[in-house]
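Report on one structure; see the data block that follows.
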Amino acid sequence: MRILFAASEVFPLVKTGGLADVAGALPLALSRLGADVRLLMPGYPAALEAATHRRIVADLGDHLGSGPARLIEGRLGDSKVSLLMIDCPKLYARPGNPYLGPDGLDWPDNARRFGLLGFTAARLCADESLTGDWRPDILHGHDWQTGLAYAYLAAWGGRRPATVFSIHNIAYQGVFDPSWLKLLELPESMMNVAGLEYYGNISFLKAGCWYADKIVTVSPTYARQIQTADQGFGLQ
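With our numbering, you'll find the sequence shown wraps up at 1021, consecutive numbering, no jumps.
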C-alpha cells in the first residue's frame, strides 16, 4: 500500500508540538509493517539541512505566487521512509518557528505558505510525473496546514486516492480572509457553507473536514469532545 503523509512539522526535523511527534513516528511504524510511505513537508532550513540522502526530484514551477519551487527527496535518518520537502525559499527560508515571525505573530502569508503544502500534496496524488510512476493509494494530512489538499483534489476531479484528515487541535483552524481564494487558485463555487466558507472567511481546517473521505482525531475522547458546542469551535 502506498501512503502519502503531509504535515507542517516532523520530529526530529522541526517541532513545535505533538503533531511533529505523530508525523515523525507514524510513517516509520507503517513502513515497518510493509507500507510504502512518503512524507511531505515544507522545506524549512532546518529540515533541508537535517535530512539525509537529499536529491532534487522535480521542478514544481511557480504556483500561488510562491516563486520558484523544487521538490527535494531525502530520508528520515536511516529509515526507509522517503521525505519529500518543498524547497521554496520565498515561503520557507525563514529561521525559527515555522508559523510565527520574529514579532511572535503569524506570518502574514501563511495562507500561501500552507496553501502550497496542500497544493503540492494534491499534485503528488494526481500527477505521476512529479515522482516517476508513484501515486498514493491513501493521502493522510494532519491539521489545518494540509487542509487545502482535499479541496484541490475535489476541485480538480479525476483520479484521486482515498483520503484521511487528522485533527490534532481543532482550536487552530487556519482562518483567512476570503480574498485569498483567487490567489490560492480555488473556484469561487467552493466559497459557501458546503465548502471552505467559515463565518465569511476561508478555513483550511474546514476544508479538510469537508472534503476528506474520513476524519480522525488523537483519541476517541477527543473525537467526542470536538462534536460539542463547548469544544467544537464552531465546527461541531
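We put the CB at the ideal spot given by N, CA and C, even for glycine.
Per-residue DSSP class, three states only, for residue i
{"i": "G803", "result": "helix"}
{"i": "S988", "result": "strand"}
{"i": "R817", "result": "helix"}
{"i": "E794", "result": "coil"}
{"i": "S951", "result": "strand"}
{"i": "R944", "result": "coil"}
{"i": "T1002", "result": "strand"}
{"i": "M975", "result": "helix"}
{"i": "G980", "result": "coil"}
{"i": "G926", "result": "strand"}
Beta-carbon proximity of residue i to residue j, cut-off 7 Å
{"i": "N986", "j": "V949", "result": "no"}
{"i": "V866", "j": "L856", "result": "no"}
{"i": "L789", "j": "R823", "result": "yes"}
{"i": "A792", "j": "H927", "result": "yes"}
{"i": "V795", "j": "A810", "result": "no"}
{"i": "H848", "j": "F904", "result": "yes"}
{"i": "I871", "j": "P830", "result": "no"}
{"i": "L971", "j": "A940", "result": "yes"}
{"i": "W990", "j": "W929", "result": "Note that residue 990 is Leu in the sequence shown here, rather than Trp. Contact flag set, yes."}
For residue i, the residue or residues it bridges with in DSSP
{"i": "R855", "result": "D844 and D872"}
{"i": "R787", "result": "D821"}
{"i": "T837", "result": "R860"}
Extent of the continuous alpha helix (DSSP H) to which residue i belongs
{"i": "K967", "result": "W965 to L968"}
{"i": "A997", "result": "Segment: none, A997 is in no alpha helix (DSSP H) and carries neither H nor E."}
Near the ligand HEM: residue i beta-carbon under 6 Å from a heavy atom
{"i": "V795", "result": "You won't find the ligand HEM in this model; it holds no ligand whatsoever."}
Runs of beta strand (DSSP E) wholly within the region 858-922 (minimum 3 residues, chain order): 867-872
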